[in-house]
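As given, the protein sequences belong to chains A and B, one line each in that order. Numbers 1 to 314, taken from the numbering used here, label the letters of the first sequence in order. Numbers 1001 to 1314, taken from the numbering used here, label the letters of the second sequence in order. See below for the structure under consideration.
There are 2 protein chains.
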Amino acid sequence: MNRINTLFNIKYPIIQAGMIWCSGWKLASAVSNAGGLGLIGAGSMYPHILEEHIIKCKKATEKPFGINIPMIYPQVEELFNVVLRHNIKIVFTSAGNPMKWTSQLKDQGCKVVHVVANTKSAKKCLEAGVDAIVAEGFEAGGHNGKEETTTMTLIPMIREVTDIPLIAAGGIGSGRAMLAAIALGADAVQIGSRFVASVESSAHAAFKNRIIETGDGDTLLSLKNVVPVRLIRNDFFNEIHALENQGVSIEQLKNVLGHGRAKKGMFEGDMENGELEIGQVAATIHNIIPAGEILQTIIQEFESAKKEVCKFEL
Amino acid sequence: MNRINTLFNIKYPIIQAGMIWCSGWKLASAVSNAGGLGLIGAGSMYPHILEEHIIKCKKATEKPFGINIPMIYPQVEELFNVVLRHNIKIVFTSAGNPMKWTSQLKDQGCKVVHVVANTKSAKKCLEAGVDAIVAEGFEAGGHNGKEETTTMTLIPMIREVTDIPLIAAGGIGSGRAMLAAIALGADAVQIGSRFVASVESSAHAAFKNRIIETGDGDTLLSLKNVVPVRLIRNDFFNEIHALENQGVSIEQLKNVLGHGRAKKGMFEGDMENGELEIGQVAATIHNIIPAGEILQTIIQEFESAKKEVCKFEL
């Protein structure tokens, strides 16, 4: 029995990443209904918006779903309170110290998973007593680690420090990549980018279309001195890249960036002045289809790749 | 039958990367004798030195071995002439245009493989008529692509543009990672870093020991505006990193770098002022053992990981 399936009471060990501006109740419920684990991305939500999404998600699915809370945003405490008040039993935390909320959430009966990008944070997760770890490689979209460790090398590194249930993330958008993650020692996968380009994602249509056009080398890890984040190269990207090359201070950079650039790009569809967070795997995404179909395709690819690999003789 | 095994007439689809200062005749012959394909790294050799290595390698093994020639170094023409004069039948070219030498080498009966880091170069390889492609991800040590595409995402991207024999490189130092590469669609793997930390590698003992101490996040892709190269963070790295952050010109940077820093570090053992090229996978390398033992360990790990994966039920 797969440990992640058991932990969350799901059919397939596939988690849809909780992403800002892209993963509301529609996407999360679609993935959960299809047998994976959908996550509502609370990072871009005010507490009352998260509340709405939770209520709608419960109406849309009887299957388990969870909430992802990045701990760098304001109103984190209020977000956690919403989660607890609505009796949510699966919480993914990211971008912060797992010691801060894990025991409180577990006391309330939550399964707690924390996202890491290096072995040091993985060790902190063990100390905090999380139920599982997401290890996310450099190729992933959005926020990322300063170590720049890729999924191929990160999963074995994390496996050297712990045997607890491990979810691989970063660069996974197909059944082949899922099989590769399992081969590396993961129990399950977390998939972000591929689900952004789904019918149910709340990303703006222009952003979804841009993902389909994204090729090899069109994303780059940026803002390394503030919070590393993988972005599509556009005017916004070029602007901050030029500033970084001029060696401006972090404060100056933050001022120029201003606020709301992620919303402007991913949610409102400004493809040049907005911040467009997506993973390298975008280069192999070629259509916008329902989330359930994405999940079924991945499962089929996984099974057929597994057959191939099992026939592979040295 | 594995296409790479057939192409090179080898037992295992494992290629030892041709690396400057680390892979002379001792390492190449040890790997070939163990059933893989050893490569002499000609990038750090004068033509007469390469000649010596070829002669010694032929004495040390009756198995096939090859030569890697990075096409950015001086005396490339002389190196190719040495290769042809000594009737070498396997040539890996890298860091340059595959159109330049492929047909001439193939006319002489050579199998030609070119190393790429993006889909554009892979398409050029097809045009040039290479026999196989090495696709090398961002996590690899030494020279690298500007696209920063990781092995996990690069292999599927290359597979989308070609069906020719494909060798995955970057982040592969174990049988699990080898299995992951096969799952992603590769026919074989090229392994560098793991073989640098072998008894037969010509790397300085201090460098081999440094690899063992290397942890998560201790290497970084550097010199992005000259030729991107993955290095261990040391005084040399900090020096060039500071210059890059100040926004100095490429010419200024080249002047400060001077020559011979790679030799000073990897071959002469200066751990602070030398250039130390190694992949992220170094963080999971914990011993210096004979190359044949490394190969056997990888094979065993591969077989046992394969059994696990074949039992993995969704």
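Virtual Cβ for every residue (Gly too), placed ideally from N, Cα, C.
Interface with chain A (8 Å Cβ-Cβ cutoff): residue 1174(B) is included.
Of all residues in the region 1275-1288 of chain B, the ones placed with a Cβ closer than 8 Å to any Cβ belonging to chain A are 1279, 1280, 1281, 1283 and 1284, in chain order. Using a Cβ distance threshold of 8 Å, residue 173(A) and residue 194(A) count as a contacting pair. The contact set of residue 182(A) on chain B, defined by CB atoms closer than 7 Å, consists of 1309 and 1312 in chain order.
Boundaries of the alpha helix (DSSP H) around residue 1252(B): 1250-1257. The DSSP assignment places 205-213 as complete runs of the alpha helix (DSSP H) inside the region 197-233 of chain A, in order along the chain (cut-off: 4 residues).
Taking residue 282(A) as the centre and dropping the five residues before and after it, the same chain places the C-beta of 193, 211 and 214 closer than 6 Å to its C-beta, in chain order. Taking a cut-off of 8 Å on C-beta distances, the region 1223-1231 of chain B does not touch the region 1048-1059 of chain B, as fewer than three cross pairs fall below it.
Annotation for residue 1126(B): the continuous alpha helix (DSSP H) segment containing it runs 1119-1128. Counting along the chain, residue 1070(B) sits inside the beta strand (DSSP E) bounded by residues 1065-1070. The shortest CA-to-CA distance from residue 11(A) to any of 306(A), 295(A) and 308(A) is the one to 295(A). The continuous stretches of beta strand (DSSP E) do not include residue 1241(B), which lies in the alpha helix (DSSP H) extending over residues 1235-1245. Classified as buried, residue 66(A) has 16 or more neighbouring CB atoms from the shown chains inside 10 Å of its CB. Closest in alpha carbon position to residue 143(A), among 216(A), 37(A), 71(A) and 26(A), is 71(A). Only those residues of the region 94-105 of chain A whose C-beta falls short of 9 Å from the nearest C-beta of chain B would be listed, and there are none. Contacts between residue 1118(B) and chain A, judged by CB atoms closer than 7 Å, involve 216 and 217 in chain order. Within the region 1232-1261 of chain B, 1245, 1246 and 1247 place their CB atoms closer than 7 Å to a CB of chain A, listed in sequence order. Interface annotation, residue 1036(B): not in contact with chain A, CB-CB separation never under 8 Å. Looking at 1235(B), 1050(B), 1063(B) and 1184(B), the one whose alpha-carbon comes closest to that of residue 1166(B) is 1184(B). Cα atoms of residue 1091(B) and residue 1135(B): separation of roughly 16 Å, rounded to the nearest angstrom.
For residue 1052(B), the secondary structure class from DSSP, reduced to helix, strand or coil, is helix. In this structure, residue 1014(B) and residue 1169(B) do not form a Cβ contact; the two beta carbons are roughly 11 Å apart against a cut-off of 8 Å. Contact between the region 1081-1089 of chain B and the region 1042-1056 of chain B is established, with three or more Cβ pairs separated by less than 8 Å.
Taking every protein chain shown into account, the CB of residue 100(A) has fewer than 16 other CB atoms within 10 angstroms, so this residue is exposed.
For residue 1150(B), the closest alpha carbon among the candidates 216(A), 273(A), 107(A) and 164(A) is that of 216(A). In the structure shown, residue 285(A) adopts coil according to DSSP, grouped into three states.
Between residue 1298(B) and residue 1197(B), the CB-CB gap reaches or exceeds 8 Å. For residue 1093(B), the enclosing beta strand (DSSP E) stretches over residues 1090-1094. Each residue's CA atom was taken as its position, placing residue 307(A) and residue 1043(B) some 40 Å apart.
Excluding its 5 nearest sequence neighbours in each direction, residue 1208(B) has C-beta neighbours in its own chain below 6 Å: 1197 and 1288, listed in chain order. DSSP, read as helix, strand or coil, puts residue 132(A) in strand. For residue 1190(B), the enclosing beta strand (DSSP E) stretches over residues 1188-1191. Only residues of its own chain outside the window of five on either side were considered, and among them 1041, 1196, 1201, 1202, 1203 and 1266 have a CB closer than 7 Å to the CB of residue 1022(B), listed in chain order. DSSP links residue 1166(B) through a beta bridge to 1133(B).
If you compare the alpha carbons of 1089(B), 1039(B), 1053(B) and 1245(B) with that of residue 1068(B), the shortest gap goes to 1039(B).
Between residue 1137(B) and residue 1103(B), the C-beta spacing is not below 8 Å.
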